[in-house]
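Numbered according to the numbering used here, the sequence shown terminates at residue 400, and the numbering increases by one at each position without gaps.
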Amino acid sequence: MKHLIIRNFGPLKDVDIMLEQVNLIIGLQSSGKTCVLRTACFCSWVEKRIMLLQSADYFANGSVFIDSFAGYYQMEKYLKEDTYIEYSSAYSSFSFDNKRADKFLYRPQANSWRYCRPKVAYIPSDRNVVSLFKDYKQLPNPGSYLQDFMNEWNRARRQQAKISDILGLGVDYYFDENKEKDLVALQNGKILELSETSSGMQSMLPLFVYTDYLTNEVLEDKMVNLTDISLVKIEEIRHTLETIYDRCFETRMGEHRFEASVSLNGKRQTYFFYNQKERDKFNRYITRLLENDHSEIFLEEPENNLFPPTQCQYVRWILDRISDKARKNFLFITTHSPYILSSLLQENIPDFKLMLTYHDKDNKGLFSVKTADEDELQQIYDNGSDAFFNFEAFTH
5 MKHLIIRNFG
15 PLKDVDIMLE
25 QVNLIIGLQS
35 SGKTCVLRTA
45 CFCSWVEKRI
55 MLLQSADYFA
65 NGSVFIDSFA
75 GYYQMEKYLK
85 EDTYIEYSSA
95 YSSFSFDNKR
105 ADKFLYRPQA
115 NSWRYCRPKV
125 AYIPSDRNVV
135 SLFKDYKQLP
145 NPGSYLQDFM
155 NEWNRARRQQ
165 AKISDILGLG
175 VDYYFDENKE
185 KDLVALQNGK
195 ILELSETSSG
205 MQSMLPLFVY
215 TDYLTNEVLE
225 DKMVNLTDIS
235 LVKIEEIRHT
245 LETIYDRCFE
255 TRMGEHRFEA
265 SVSLNGKRQT
275 YFFYNQKERD
285 KFNRYITRLL
295 ENDHSEIFLE
305 EPENNLFPPT
315 QCQYVRWILD
325 RISDKARKNF
335 LFITTHSPYI
345 LSSLLQENIP
355 DFKLMLTYHD
365 KDNKGLFSVK
375 TADEDELQQI
385 YDNGSDAFFN
395 FEAFTH
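Below, the structure is given as structure tokens:
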């Protein structure tokens, strides 16, 4: 479970939410849904980086935390003098307070050693960008979330085999490595490039292929994040290994008879231990930190350009993937769609949170967020799409 607090950031006045395995936030357009999603995603990434480096010093340096966040998502104008963000989980806790001199504070949790590395993925609503730009360098704002998404898409499509009859729509997808093209085979046998298909296909196929990758291939490819990494990251990981190595020693007597090794870009790093217990402890730490254990998916508006039954089909499919008991996958969705919401409510998910944005009466133009309780969930389900025409009844 994750706990997120946001105050006075962009359109948001007050947010205090608990996040479970599956989460949905819904509300008026421009009411801060994406702002909540991006904050949660960035905080998960910060936690991951702190755990990997075994240090929070990087983010404690001046305004690095908020500058990295706002710059990455192009939200620089969202920052206010009294902006406050707080995130906590079973493994770490940190906060950003723009009113303080020491703006970023980190508080380790007792269970931090149990942290398992996730694949943190943000899927933007404008994901059809992958069919619009042949050369990723054409994208404006290098280093932004869109460029990262395109890089991730490029990695995902190269690892996927042919995918047949996607969501029962009778279309197949495959990537032609020789021609560097995304191809779609229609029911009539005709083959089109992704950029030649309908707007619905251009939105749905990148979503389906990438989430299929996130809930399958990326978790099967062990140590995937240790290939083709920069020298800087290699030095960071090497420092992490040394830190963990020192922590695993319980005795310093006898011979170094037990060894563990990690390969970084093809170069083997070897560590010696006095006993098997220390060696096994080191290996457990390394596995948790350097191998992808599960995916945390932050998904913006899956309904884009999709017919309602297709929206529902996608929800059922992704829930089946997320509920894999061998993993601890996490899903957070923003939506305007009553069909997405109804599909989630129909599934009766045990670890589900529904959040609603609403106008803050004391602050015109600003929004707050509340979590629906069990009675409200039932009322929304019973009323179906009519609930959206009486939305205020559920937010006050």
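Using N, Cα and C, we set each Cβ at its ideal position, and we do this for glycine too.
Are the CB atoms of residue j and residue i within a distance shorter than 8 Å?
i           : j           : result
residue 200 : residue 185 : no
residue 296 : residue 211 : no
residue 169 : residue 176 : yes
residue 17  : residue 367 : yes
residue 345 : residue 29  : no
residue 307 : residue 338 : no
residue 116 : residue 55  : yes
residue 326 : residue 244 : no
residue 310 : residue 204 : yes
residue 183 : residue 122 : no
residue 350 : residue 171 : no
residue 77  : residue 131 : no
Enumerate in chain order the residues of its own chain whose CB-to-CB distance from residue i is below 6 Å, with the five nearest sequence positions on each side excluded.
i           : result
residue 35  : 361 and 371
residue 286 : 252 and 264
residue 353 : 26
residue 248 : 289
residue 11  : 18 and 88
residue 191 : 174
residue 82  : 13 and 14
residue 8   : 21, 44 and 91
residue 46  : 73
Spatial neighbours of residue i within its chain, please: C-beta separation below 8 Å, excluding the five flanking residues on both sides.
i           : result
residue 4   : With the chain represented from 5 up to 400, any question about residue 4 goes unanswered, as that position is not in the structure.
residue 166 : 176, 177 and 178
residue 240 : 56 and 57
residue 246 : none
residue 236 : Unreliable placement is indicated for residue 236, whose pLDDT of 49 sits below 50; the coordinate value is still reported in the next sentence. None.
residue 396 : 362
residue 273 : 242, 245, 265, 266 and 267
My assumption, with CB atoms under 8 Å, is that residue i sits in contact with residue j. Please give the rounded CB distance.
i           : j           : result
residue 154 : residue 134 : 6 Å
residue 44  : residue 336 : 6 Å
residue 347 : residue 320 : 7 Å
residue 389 : residue 333 : Not really, about 29 Å apart at Cβ, beyond 8 Å.
Note down, in chain order, each residue of its chain lying with its Cβ closer than 7 Å to the Cβ of residue i, except the 5 sequence neighbours on either side.
i           : result
residue 393 : none
residue 356 : 24, 26 and 348
residue 128 : 149, 150, 153 and 304
residue 38  : 304 and 338
For a test of your reading of the model: does the CB of residue i fall under 7 Å from any non-hydrogen atom of the ligand ADP? Yes or no.
i           : result
residue 249 : Looking for the ligand ADP in the displayed structure turns up nothing, as the structure carries no ligands at all.
Please check if any C-beta of chain B sits within less than 8 Å of the C-beta of residue i.
i           : result
residue 307 : Although the question refers to chain B, the structure presented lacks it and comprises just one protein chain.
Sufficient close CB pairs (3 or more, under 8 Å) joining the segment 78 to 89 to the segment 97 to 107
Judged by pairs of C-beta atoms under 8 Å, the segment 78 to 89 touches the segment 97 to 107, as three or more such pairs exist.
| task | Let me know the beta strand (DSSP E) ranges lying completely inside the segment 78 to 164, each 3 residues or longer, listed in chain order. | result | 88 to 92, 96 to 101, 108 to 112 and 122 to 127
*beta strand (DSSP E) runs contained entirely in the segment 281 to 366, provided each spans 3 or more residues*: 298 to 304, 334 to 339 and 356 to 363
- Task: Only counting runs of 3 or more residues, tell me where the beta strand (DSSP E) segments fall wholly within the segment 12 to 91, in order along the chain.
- Result: 16 to 23 and 26 to 30
**Item:** Continuous alpha helix (DSSP H) assignments of at least 4 residues falling wholly in the segment 196 to 222
**Value:** 203 to 218
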